[in-house]
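Residue numbers (numbering that gives the first Met the number 0): 0 to 368.
We put the CB at the ideal spot given by N, CA and C, even for glycine.
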Amino acid sequence: MAEKQACFGVPDGYAKASAFHPPNIKQLRKIAGDLRLELSEEELTAYRECLLPLEEDYGILDELPEPTLPVKYPRTPGWRPKPEDNPFNSWYWRTDIQGAPSGKLAGKTLGIKDNTAVAGVPMMNGSRVLEGYTPEFDATVVTRILDAGGRILGKAANEDLCFSGSSFTNCKMPVLNPYDTTRTTGGSSSGSAALVAGGQIDMALGGAQGGSIRMPAAWCGIVGLKPTWGLVPYTGASSVQPFLDHLGPMTRTVEDCALLLEVIAGYDDGLDPRQPPNIVVPEYSKLLTADLTGMKVGLVKEGFDKCDKDIDSTIRASMQWFEAAGATVEETSIPMHITGKIALYVKQGVLRFYILDANLDLDNLTYRQ
Numbered sequence: 000m001a002e003k004q005a006c007f008g009v010p011d012g013y014a015k016a017s018a019f020h021p022p023n024i025k026q027l028r029k030i031a032g033d034l035r036l037e038l039s040e041e042e043l044t045a046y047r048e049c050l051l052p053l054e055e056d057y058g059i060l061d062e063l064p065e066p067t068l069p070v071k072y073p074r075t076p077g078w079r080p081k082p083e084d085n086p087f088n089s090w091y092w093r094t095d096i097q098g099a100p101s102g103k104l105a106g107k108t109l110g111i112k113d114n115t116a117v118a119g120v121p122m123m124n125g126s127r128v129l130e131g132y133t134p135e136f137d138a139t140v141v142t143r144i145l146d147a148g149g150r151i152l153g154k155a156a157n158e159d160l161c162f163s164g165s166s167f168t169n170c171k172m173p174v175l176n177p178y179d180t181t182r183t184t185g186g187s188s189s190g191s192a193a194l195v196a197g198g199q200i201d202m203a204l205g206g207a208q209g210g211s212i213r214m215p216a217a218w219c220g221i222v223g224l225k226p227t228w229g230l231v232p233y234t235g236a237s238s239v240q241p242f243l244d245h246l247g248p249m250t251r252t253v254e255d256c257a258l259l260l261e262v263i264a265g266y267d268d269g270l271d272p273r274q275p276p277n278i279v280v281p282e283y284s285k286l287l288t289a290d291l292t293g294m295k296v297g298l299v300k301e302g303f304d305k306c307d308k309d310i311d312s313t314i315r316a317s318m319q320w321f322e323a324a325g326a327t328v329e330e331t332s333i334p335m336h337i338t339g340k341i342a343l344y345v346k347q348g349v350l351r352f353y354i355l356d357a358n359l360d361l362d363n364l365t366y367r368q
């Protein structure tokens, strides 16, 4: 696929239907009846005449060119990997797209979460609802990765429409944890975490509306960052809720995480309404330092005693590294840590996947043991 602009137009040989058709008198009468309105023939005719100018107006809007995203690097459609080449079910689709010959990501291999568009490569977002869809454009973050010299090896499997914190809802098969295939990777960026942890790629792009980057990163022993909302453009990714949508890096090291964030962050020329125009993107990879003097780290009390004891003890023990680097570690209490997320996900209508799958007892708002 040579460099081109993605086309959203009508294919040759097909007629383009009008975007607006004024209802006829019979249709208007039915609409009025559904609304419990009694309109005479004269009133229906007058109402229809008021609608007629809209046909021309909508036609003008319909002829405006669709916004497009560039496709700058050649690629083939790729292939669905065989089971023997996909031991953790972490790939949805394989491809091989080489970006620019040089750049910050030169020599790095990456996987893209399958909720994010890569032109010419199938995308199903973990769901049979979208199976067979192939985008004609690259998401902004994909273009930035390729411009920085990254090499994309495929689409990472994710949970069905990103609606699960576990790793068994992908319509193809469950994603397995590389460290123990009897256990979940966490989700919804399940394949991204498994690919990085399993050593199949250097970096992955994940997506999150809740903990969908951080949970699989934690459960697979890698680094995952949910960036500040709006820092990374979501243009070209499948949305769950605009006020919750995030894309972020998933890597084996903090250095690589900072480097990938540095590449994908930044303003998208107004294409993503989540972003303010005054975003400043520093060179995160050069800000890494072992000196944390003056930094205070809070241990949220409500986050403990809700999971296995060895997890609690491991987290508490790791605080010594913050203290050794000069930070102050203190325990703090945030009661809404438990109830706040319940209110959030009930409101967003994903109770089944994010609360029940998280094993919460809704009667007393505590985790079941």
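Coil, strand or helix - residue i by DSSP
i: D56; result: helix
i: T331; result: strand
i: A155; result: strand
i: H20; result: coil
i: G393; result: Any answer about residue 393 is impossible in this case: the structure gives the chain only from 0 up to 368.
i: I221; result: coil
i: Y91; result: strand
i: L379; result: Beyond the ends of the chain as shown, which are 0 and 368, falls residue 379; an answer cannot be given.
i: R35; result: coil
i: G142; result: What sits at residue 142 in the sequence shown is Thr, not Gly. Helix at T142.
i: S97; result: First, the amino acid is wrong: residue 97 is Gln here, not Ser. Residue state, collapsed to three classes: strand.
i: D179; result: strand
i: V70; result: strand
Close beta carbons around residue i, own chain, < 6 Å, minus the five adjacent residues each side
i: P134; result: A116, A118, M122
i: P10; result: Confidence at P10 is low in this model, with a pLDDT of 49, below 50, so its placement is unreliable and the value that follows should be read with caution. Correct list: empty, nothing qualifies.
i: A324; result: A289, L291
i: V296; result: F321, A326, V328
i: M214; result: G164, G185
Nearest-angstrom Cβ-Cβ length linking residue i and residue j, presumed shorter than 8 Å
i: D244; j: Q274; result: At roughly 11 Å, the Cβ-Cβ gap does not stay under 8 Å, so D244 and Q274 are not in contact.
i: L152; j: R93; result: 7 Å
i: A155; j: L129; result: Going by Cβ atoms, the distance from A155 to L129 rounds to 15 Å, so no, they are not a contact pair.
Residues near residue i by beta carbon distance below 8 Å, same chain, minus five either side
i: T44; result: I24
i: G220; result: Y178, A196
i: E54; result: S17, F19, H20, P21
i: L411; result: Past the boundaries of the shown model lies residue 411; the chain is included only from 0 to 368, so the question cannot be answered.
Separation of residue j from residue i, as counted between CA atoms
i: S163; j: F242; result: 18 Å
i: L51; j: P21; result: 6 Å
i: K112; j: P281; result: 25 Å
i: E37; j: A31; result: 7 Å
i: A217; j: A326; result: 22 Å
i: I333; j: K225; result: 20 Å
i: G131; j: V299; result: 44 Å
i: K107; j: E261; result: 14 Å
i: A264; j: P232; result: 7 Å
i: D304; j: E65; result: 52 Å
i: V68; j: L246; result: Residue 68 is actually Leu in this sequence, not Val. L68 and L246: Cα-Cα distance of roughly 18 Å.
i: Y283; j: M202; result: 16 Å
i: E62; j: K29; result: 30 Å
Residues near residue i in its chain [Cβ-Cβ closer than 7 Å; skip 5 each side]
i: G210; result: G164
i: D239; result: At residue 239 the sequence reads Val, which differs from the Asp that was named. Once the five neighbours on either side are set aside, the close Cβ partners of V239 are C161, Q208.
Neighbour flag for residue i against chain D, beta carbons, 8 Å
i: G110; result: Of the chains in the structure shown, none is chain D; there is only one protein chain.
Contact the stretch 98 to 111 vs the stretch 163 to 170: 3+ CB pairs below 8 Å: no
Could you tell me whether the stretch 74 to 83 touches the stretch 174 to 191, using the rule of 3 or more Cβ pairs below 8 Å? no
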